[in-house]
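Q:
Residue numbers (our numbering): 8 to 558.
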């Protein structure tokens, strides 16, 4: 499965770099960062597959290729404008793209049509040859027409092409976005299961380019019989160790006259065999954060078995909120190893790191736990990391036991203890009904805002337990309809000692609806004409709706 995991997103890149004409062009990769990327393929989130695969495949991109990176849905929930060109097209952008993908969140909508349009414009598609590679696991959710956009870009572009990878889409879903690629002369690739992925790789990656016609030459002397495979590499965690159960990516480069790695020749995952022309090569093996390389001289008549020492250890981490609890897929696992950090791990991870000091940190909500490991080459560590948190689920009700508030609900969690100045430290926040929080054990205060109503409620958290925090607003809803109105202001009915009323909230337009605490109020309506303001006293009762019409 691990080979498939890397292959799915790797296909998206490799397809572009081969049959799509990726090399030597300006290209922008668009990654779907919508909330649906939390869905899993064989137990692993698609977003994690995409991150790992991008990081791995980008290592083999030529340094002079100008590659950019765009994402949508990674900053704001529910926004169709959340599109960002994070890394402009430039040479040597692999590490910047990997870092951007590793750090982004996945939570928004899918404005894929607008994203492709913005990427094309960033590439100046009406002036220069341009390619956009879209990796999406969902369909357009912001009203765009990908088919029409494809025709527009093809007609107005100099040499524009969009390649689309449907990541986990069904065949019917794929038909709805395949037109974006087909209308630009690009290609749509269905990456939904292992068989489909393998067929795509055979079609676009494994097929060799035709060799040039050789120049006439004297008849060669009889040569020794060629073997089927003359290079069989194998990576080990330590020299002389057992064959490890890890995923390894192998790359073969020509060894130039200076002894440096030159032209990229071939690559493959896990158990691989190569048939290469006789000559000198450099073989590079990568697994997780560990890498090893070795020079080798090959002939056509001999199979060379090459052992590469990664000098590394393997760590398997399982993040649990409490002892005996299931793995929590929302827990972020950060692995700081000699030379770098891997942050794109959630719930549990198996990772290969260079030997030495490695610090593992697990964050779950407001909880955090860390452990430093001294790892020797060949060591395999499998451990649970207990964050030590409980869960709190928050809901607001207009009256005790009454109807639940379902819109414009925002939460803030504070430590219960006040500081010297009387304020409390904010721990975290969330929006909407049924919001859940992972919190270390202790005493807290839940603050809730529902439009014009604010209130607080204390609660406590115990490790491994769920606490329901049900906050009673003691409030109702006011709806106003005032034809010709310019806006509204709502004041408390009671005046202070200076004869002034306290303003509670306001709105613009002819209609308004808001939540108010039970009590007496005055509505002041402003009109767009010379019509005088109107005042209307009203009363809000907890759990009831009050509708006013102002003429």
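The C-beta atom is built at its ideal place from N, Cα and C for all residues, glycine as well. Remember, predicted model here, so these are calculated numbers, not experimental data.
For the beta strand (DSSP E) that residue 397 lies in, which residues bound it at each end?
A: 397 to 404
Q: What are the boundary residues of the beta strand (DSSP E) that residue 461 is part of?
A: 460 to 468
Q: With a 10 Å radius around its C-beta and 16 neighbouring C-beta atoms as the bar for buried, classify residue 30 as buried or exposed.
A: Its pLDDT being 40, under 50, residue 30 is placed unreliably in this model, and the value from its coordinates should be taken loosely. Label assigned to residue 30: exposed.
Q: Looking at C-alpha atoms only, which residue of 142, 513, 321 and 447 is the closest neighbour of residue 43?
A: 142
Q: Around the C-beta of residue 360, are 16 or more other C-beta atoms found within 10 angstroms, so that it is buried, or is it exposed?
A: buried
Q: Does DSSP put residue 44 in a helix, a strand or coil?
A: Of the three classes helix, strand and coil, the one that applies to residue 44 here is helix, per DSSP.
Q: Check residue 119 in the structure and name its three-state DSSP category.
A: helix
Q: Relative to the C-alpha of residue 370, which residue among 343, 326, 402 and 406 is closest?
A: 326
Q: For residue 279, which residues of its own chain have a beta-carbon under 6 angstroms away from its beta-carbon, when the five flanking residues on both sides are left out?
A: 257
Q: So what's residue 64 in DSSP terms, helix, strand or just coil?
A: helix
Q: From the DSSP output, which residues share a beta bridge with residue 167?
A: 137
Q: Tell me residue 514's beta-bridge partners as DSSP assigns them.
A: 495
Q: Buried or exposed: which applies to residue 433, given that a residue is buried once 16 or more other Cβ atoms fall within 10 Å of its Cβ?
A: exposed
Q: Suppose the cutoff is 7 angstroms on Cβ atoms and the five residues either side in sequence are ignored; what does the same chain contact list for residue 210 look like?
A: Caution applies to residue 210, whose pLDDT of 47 falls short of 50 and renders its modelled position unreliable; the value that the coordinates give is listed next. Cβ within range, chain order: n/a, list empty.
Q: Please return the same chain residues whose Cβ sits closer than 7 angstroms to the Cβ of residue 158, not counting the five positions on each side in sequence.
A: 190
Q: Compute the Euclidean distance between the alpha carbons of residue 497 and residue 518, then round it to the nearest angstrom.
A: 13 angstroms
Q: Between residue 67 and residue 271, how many whole angstroms is the CB-CB distance? I'm expecting something under 8 angstroms.
A: 6 angstroms
Q: Would a C-beta distance cut-off of 7 angstroms place residue 489 and residue 532 closer than the cut-off?
A: yes
Q: Leaving aside the five residues before and after residue 329 along the sequence, list all residues of the same chain whose C-beta is less than 6 angstroms from its C-beta, in chain order.
A: 470 and 471
Q: Please report the straight-line C-alpha distance between residue 379 and residue 395, rounded to a whole angstrom.
A: 18 angstroms
Q: Inspect the beta-carbon positions of residue 529 and residue 541 and report whether they are closer than 7 angstroms.
A: In this structure, the beta-carbon distance from residue 529 to residue 541 does not fall below 7 angstroms.
Q: Which residue wins for smallest C-alpha separation from residue 262, given the options 398, 285 and 307?
A: 285
Q: Is residue 274 helix, strand or coil by DSSP?
A: strand
Q: Determine the DSSP secondary structure at residue 302, reduced to helix, strand or coil.
A: In the three-state reduction of the DSSP assignment, residue 302 falls in the strand class, which pools E and B.
Q: Helix, strand or coil: how does DSSP classify residue 381 here?
A: Looking at residue 381 - three-state DSSP - the assignment turns out to be strand.
Q: Helix, strand or coil for residue 52 per DSSP?
A: Strand, per DSSP.
Q: How far does the beta strand (DSSP E) with residue 74 in it extend, from its first residue to its last?
A: 73 to 79
Q: For residue 58, which three-state DSSP category applies?
A: DSSP, reduced to helix, strand and coil, places residue 58 within a helical segment of the structure shown.
Q: Report the rounded CA-to-CA distance for residue 11 versus residue 254, giving the unit in angstroms.
A: The pLDDT assigned to residue 11 is 35, lower than 50, so where the model puts this residue is not dependable; a value taken from the coordinates is nonetheless given after this. Spanning the two alpha carbons is a distance of roughly 11 angstroms.
Q: Does the count of Cβ pairs from the region 116 to 136 and the region 73 to 88 closer than 8 angstroms reach three?
A: yes
Q: Three or more beta-carbon pairs under 8 angstroms between the region 545 to 557 and the region 477 to 484, yes or no?
A: yes
Q: Less than 7 angstroms between C-beta atoms, sequence neighbours within five positions excluded: which residues of the same chain meet that for residue 407?
A: 479
Q: Is it true that the CB of residue 198 sits closer than 7 angstroms to the CB of residue 171?
A: no
Q: What would DSSP say about residue 155, mapped onto helix, strand or coil?
A: helix
Q: Going straight from the alpha carbon of residue 110 to that of residue 339, what length do you get?
A: 11 angstroms
Q: Got a sec? Which residues, its chain only, sit under 8 angstroms from residue 388 by beta carbon, not counting five neighbours each side?
A: 320, 321, 322, 323, 380 and 382
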